[in-house]
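Chains as they are written, first to last, in my numbering: chain A, 855 to 1162; chain B, 855 to 1162; chain C, 855 to 1162; chain D, 855 to 1162.
Just so you know, even glycine gets a beta-carbon here, dropped at the ideal spot from N, CA and C.
Everything on this sheet refers to the single structure shown next.
There are 4 protein chains.
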Amino acid sequence: MKLDHTAAGVYAIAATPFHPDGRLDTASVDRLTDFYVECGVTGLTILGIMGEAPKLEPEESLAITRQVVKRAGVPIIVGVSAPGFAAMRSLARSAMDLGAAGVMIAPPPSLRTDDQIVGYYAQAVEAIGDDIPFVIQDYPLTLTVVMTPGVIRRIVMDHPSCVMLKHEDWPGLEKISRLRAFQAAGEMKPISILCGNGGLFLDFEMERGADGAMTGYAFPDMLVDVVKLQKAGRRDDAHDLFDAHLPLVRYEQQQGIGLAVRKYVLQKRGAIAHDAQRRPASGLTPAAKAEIDYLLGRVARYDARAKI
Amino acid sequence: MKLDHTAAGVYAIAATPFHPDGRLDTASVDRLTDFYVECGVTGLTILGIMGEAPKLEPEESLAITRQVVKRAGVPIIVGVSAPGFAAMRSLARSAMDLGAAGVMIAPPPSLRTDDQIVGYYAQAVEAIGDDIPFVIQDYPLTLTVVMTPGVIRRIVMDHPSCVMLKHEDWPGLEKISRLRAFQAAGEMKPISILCGNGGLFLDFEMERGADGAMTGYAFPDMLVDVVKLQKAGRRDDAHDLFDAHLPLVRYEQQQGIGLAVRKYVLQKRGAIAHDAQRRPASGLTPAAKAEIDYLLGRVARYDARAKI
Amino acid sequence: MKLDHTAAGVYAIAATPFHPDGRLDTASVDRLTDFYVECGVTGLTILGIMGEAPKLEPEESLAITRQVVKRAGVPIIVGVSAPGFAAMRSLARSAMDLGAAGVMIAPPPSLRTDDQIVGYYAQAVEAIGDDIPFVIQDYPLTLTVVMTPGVIRRIVMDHPSCVMLKHEDWPGLEKISRLRAFQAAGEMKPISILCGNGGLFLDFEMERGADGAMTGYAFPDMLVDVVKLQKAGRRDDAHDLFDAHLPLVRYEQQQGIGLAVRKYVLQKRGAIAHDAQRRPASGLTPAAKAEIDYLLGRVARYDARAKI
Amino acid sequence: MKLDHTAAGVYAIAATPFHPDGRLDTASVDRLTDFYVECGVTGLTILGIMGEAPKLEPEESLAITRQVVKRAGVPIIVGVSAPGFAAMRSLARSAMDLGAAGVMIAPPPSLRTDDQIVGYYAQAVEAIGDDIPFVIQDYPLTLTVVMTPGVIRRIVMDHPSCVMLKHEDWPGLEKISRLRAFQAAGEMKPISILCGNGGLFLDFEMERGADGAMTGYAFPDMLVDVVKLQKAGRRDDAHDLFDAHLPLVRYEQQQGIGLAVRKYVLQKRGAIAHDAQRRPASGLTPAAKAEIDYLLGRVARYDARAKI
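Following this line, the structure appears as structure tokens:
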């Protein structure tokens, strides 16, 4: 079950559950995987930044991949961004051997020119092999690498194995329109576009032509519903649901503490046993927790799933 | 009427109105000034980034300052950030001579260490004189300069003329709490804290101890109401109003096209004659305009001021 | 006498002389201009970063331009990089009215993609007018903007008024070869290439096809000689002279204190009355001064002009 | 044999030899190790950026460490900088188990404030354990992290296991003087300071109080001699030798192609069998090779070791 350009719906960016003492919480890995599937996601993305991948030993990364692939029954994308191509290749090949559907590659922050970016992906494909479907992660806010639609097209056209864009440029609505226009004009082969940025613009991204979301908001079920409502043409309903969650989406989208917010809510929802992060960890003050509780209460007036 | 640390409420970041051919639209300068005052702002900030200051000739900057100071009847803060201290000094002295209440200074993006930042503000104060009240602009998302609470305290304590923080760190709620804790412990003299970032976190910023907002959202009247409601202890009402606007606040907060969104709405509200920017200008596609219109329609279900 | 693509030789980046109390030292402006001309430079570049341009009031900038143009009798290039196009246009038009030969424009550090860079120069040309010859400043080490040879070609081909590249990419020898290959293949119109970076690679840059140097090393006469020797095919002689100066060239090339080193030597050579910088200024410790004196003594064993 | 603050002399940054097809060239690992030791180095640093560490599989990194430790008979420092603390810990513990003398840690480019930098080293020490001697790598030109002398002192004083500074700030002479002044005033415990930056300022760095060099210039024997001459008080002799090499030192110091230059010369000197880099690799044009050959010829007029 390899990833291809028809991928759509919601790929949840999976958190990695830990015990308070820093050990992997493998029971919660199962529990969280089940939670995502019950939320209706079409796939999962593991070992990304928000999955605390850099804190994991290599064997832990593989163990998680094995466990999630076996449990989930949905396609798994594995983040393989690495400072060197040796580590990238090694993780990518192992992940595919374990049953992953594809891998995701972010550009290193040092890239500047169009040619450097295109060249980097060529080197990455050479490293991992052209038989592994991959996702471009376009995330300038954190990575400081800016890809024009034309650069993305070059990468897509250079590599048949490039099947998806994780779109988290910001702002990015026009970029989606532009890429879909390339396709419509026959200037680019079709790709799947799933949107990140915590879902902050998912309402309109769907209207611009996105196929869904790839992000880790603690209510993946809301993301699933918004995607379905938009695909069903129920625009107002989609926005009503989205807007009810937006105050919390925005709160979780804060850089640095976002993961702490997300795990706090996931724990409250029973999806993981502890909201612990492996060290070095960011934490929530009592004031922040009270703010999240207040926001959950407000969301719950519209969406009963937030009554926790 | 000089700015001091008791400043509170909403200081609108004023747009600069142009004719479609790029000339200053002085009639709209008056109209927009009146609009802000009628919205209930307690002050105005002019010649900031969102005021297209770098596109103005020096004489135009002074002419706008003169016109707005005369018309507004509320305190005016003038942005004087400049690549050199000569230009900064020159604009600051002229602005104060014309009746401005104070100036705002952003750190240049090249600063890295704590000492460099503190040293830069010392040089700036030496350049403009220690008799001009000034505002620190703390905006890492755009400026890439990161100031810890301790660095802000050093600047505040070094300079009696430092009376306000324009807070747009992101995330920044804990920073407000920290600075207020410094004050409560007698470790920092009192300052005014007004929050930017398009108002995206104003609901909670007020609860953390901010004195108000300094931002340019096209509904300053909403910002004014949220500040008032929070000060009156009407928390739920404040959030209800804020949340109704949040989808549009978020949309306007997009980097790069935010000013185009803002001017589009200001024109629709009748506050300026044209939504033109002086070149080089960013523009809105028909798709973007339709999205804003849709959002306005949704806001209007709760807040009649958005019926336009 | 307008700048065109045949410009060659050495354009000295002129320092700006100040009195110790910060006032412009106009007597030294004449003295320094004469010094440069006596050194054999073919032109001068004023109001660049190393000319402390951002510390000058606008009237001072114009006064210096007027004085140098009148005195020098060689073509003058004026740095007009500015955060806004209004200031750029204003300074460019005034400089040309005063008799400048052309202007130099650096890209702002925020530019990332190829299209952004090309677009910026298009906007700049629109602002200053297409009748003013201009120089592209390609200086990634300080400006963080990376231009490929292809991007430079696009700018050159888009604008007949683009006549020169100030080349200070680092490393950059292959870039010169590449641009000259474009020309040889008829894929780019001829441009003048003058090299910066303090002259650190001038020996080989000439061999790769550069037309000369544009930099501010305190021995412009050495730069002039190296250019002449290389053009005369006296390779070993050129390297002998260059290498004798290289320890000092390297010392002066240090970021942050380079200007202090340069002014210290210019004062010792009698070209300016004081080595003062206008505030904020970097200074030399006694240890640094002793090191420079030691280096001058060593250079003097080969080049008598360093006996000072 | 653990690293401590008395370390002095030259620690060569070791290249990693590959076959043209990308396989590790283990025969050359021995040959290169012998070469360094015969050059008179007091230690070696392996698995740094210039050792192509990110291109190595984890088992290769360990195999090289094992081979070099066994062969060299001098202290080995291992670069363990990594995006995550798990990988850093894992490599550090393994390296020490294999007999390394200490490890080197560079700060990640995202760090900005003083507290972030100090905090990062605290987390790193917590991860690797406080029993492993470590080196701070202070390299702002590439890493964009700026550490004041005060920040370095905080790290040194917080961690008894911090025994050395790899100094490659630029410019950095005053920083050495400042740190030694801290020590002299009893405000900082003694540390070893070894200088990088390709050796570009080694002549004066020794005079400011450095203990030696840690860099990879292809003539480590020259570095060894300069350090010895300076320690013996033979200043002019030290500069004479240094200046003879400076044109090549400068050429090798070019970012991006520096490693290709270095390996080309090491191969010519017989220290490695091939100048190949593992992919992705930078290469030298024929023009560049001819330039290096020319420079070697010139160096050879003074230093016979360059006759190759």
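Between the C-alpha atoms of residue i and residue j, what's the straight-line distance to the nearest angstrom?
i	j	result
A:Met-1060	A:Val-1081	7 Å
B:Ile-931	B:Gly-956	5 Å
A:Lys-1020	A:Ile-1045	10 Å
D:Gln-1121	D:His-1128	6 Å
C:Gln-1037	C:Ala-1160	39 Å
D:Leu-910	B:Leu-1027	43 Å
B:Val-1119	B:Ala-1092	22 Å
C:Arg-943	C:Glu-913	15 Å
B:Ala-1098	B:Gly-983	44 Å
B:Ala-1039	B:Leu-1033	10 Å
A:Glu-1145	B:Ile-1030	15 Å
C:Val-972	C:Leu-1149	42 Å
A:Ile-1009	C:Pro-929	46 Å
D:Cys-893	D:Lys-1143	24 Å
B:Pro-963	D:Arg-1152	43 Å
B:Leu-945	B:Val-1017	19 Å
A:Val-979	D:Arg-1089	53 Å
D:Pro-1025	D:Phe-1058	12 Å
A:Ala-949	A:Lys-856	12 Å
Between the options, which lies nearest to residue i when the distance is taken from Cα to Cα?
i	options	result
A:Gly-1137	A:Val-1119, A:Ala-1114, A:Ile-1126	A:Ala-1114
B:Asp-951	B:Phe-1073, B:Ile-986, B:Val-979, B:Ala-926	B:Ile-986
C:Pro-937	C:Tyr-974, C:Ser-915, C:Asp-968, C:Val-928	C:Tyr-974
B:Gln-924	B:Gly-933, B:Val-891, B:Tyr-1105, B:Ala-1072	First, the residue type needs correcting, since residue 924 of chain B is Lys and not Gln in the sequence shown. Among B:Gly-933, B:Val-891, B:Tyr-1105, B:Ala-1072, the Cα nearest to that of B:Lys-924 is on B:Val-891.
D:His-859	D:Leu-997, D:Ser-882, D:Val-989	D:Val-989
A:Ala-1125	A:Arg-1116, A:Arg-1132, A:Ile-1009	A:Arg-1116
B:Tyr-1071	B:Met-904, B:Arg-885, B:Val-1000, B:Pro-929	B:Met-904
A:Asp-1012	A:Lys-1043, A:Arg-885, A:Thr-998	A:Lys-1043
C:Gly-902	C:Leu-886, C:Gln-991, C:Phe-939	C:Gln-991
A:Met-1001	C:Ile-1009, C:Asp-968, C:Val-1000, C:Cys-1016	C:Asp-968
A:Ile-1006	A:Ala-960, A:Ser-964, A:Asn-1051	A:Ala-960
D:Gly-863	D:Met-1076, D:Ala-1086, D:Gly-1066, D:Arg-1088	D:Gly-1066
C:Arg-1132	C:Gln-921, C:Tyr-865, C:Thr-870, C:Phe-889	C:Thr-870
D:Ile-867	D:Arg-877, D:Met-855, D:Leu-886	D:Leu-886
C:Tyr-993	C:Ala-1035, C:Leu-1048, C:Gln-977	C:Leu-1048
Which of the three DSSP states, helix, strand or coil, is assigned to residue i?
i	result
D:Gln-991	strand
A:Ser-915	helix
A:Leu-1033	helix
C:Asp-1053	Note that residue 1053 of chain C is Gly in the sequence shown, not Asp. DSSP places C:Gly-1053 in helix when its eight states are reduced to three.
A:Ala-1099	Ala is not the amino acid found at residue 1099 of chain A; the sequence shown has His there. If DSSP states are grouped into helix, strand and coil, A:His-1099 belongs with the helices.
C:Ile-1045	coil
How about residue i: is its Cβ closer than 7 Å to a heavy atom in the ligand ATP?
i	result
A:Leu-1120	Absence of the ligand ATP is noted for the structure shown, with no ligands found whatsoever.
Selection of the region 1100-1111 of chain A by Cβ proximity to chain B, strictly under 7 Å: Leu-1100, Pro-1101, Arg-1104, Gln-1108, Gln-1109, Gly-1110, Ile-1111
Quick one: which residues of the region 950-976 of chain C get their C-beta closer than 7 Å to a C-beta of chain A? List them in chain order. Arg-966, Thr-967, Asp-968, Asp-969
May I ask you to list, following chain order, the residues of the region 993-1020 of chain C that have a beta carbon less than 9 Å from some beta carbon of chain A? Pro-994, Thr-998, Val-999, Val-1000, Met-1001, Thr-1002, Gly-1004, Val-1005
Looking at chain C, which residues of the region 935-949 of chain B have a Cβ within less than 8 Å of any of its Cβ atoms? Ala-936, Pro-937, Gly-938, Phe-939, Ala-940, Ala-941, Ser-944
Entirely within the region 942-1018 of chain D and at least 4 residues each: give me those alpha helix (DSSP H) ranges in chain order. 968-982, 994-997, 1003-1012
Contacting positions in the region 893-914 of chain A - beta carbon closer than 9 Å to chain D: Glu-906, Ala-907, Pro-908, Lys-909, Leu-910, Glu-911, Pro-912, Glu-914
Check each residue of the region 1041-1073 of chain A: if its Cβ is closer than 9 Å to any Cβ of chain B, include it; give the result in chain order. Leu-1054, Phe-1055, Asp-1057, Phe-1058, Glu-1061, Arg-1062
Below 9 Å between beta carbons is the criterion; list the residues of the region 1125-1137 of chain C that meet it against any residue of chain B, in chain order. Arg-1132, Arg-1133, Pro-1134
Extract the residue ranges of the beta strand (DSSP E) inside the region 1060-1088 of chain B, only unbroken runs of 3 or more that lie entirely within it. 1066-1069
Continuous alpha helix (DSSP H) assignments of at least 4 residues falling wholly in the region 859-923 of chain B: 880-892
Suppose only complete runs of 3+ residues qualify. What are the beta strand (DSSP E) ranges in the region 1097-1154 of chain B, listed by chain order? none
Going along the region 1145-1158 of chain A in order, which residues come within less than 7 Å of chain B, judged by CB to CB distance? Glu-1145, Arg-1152
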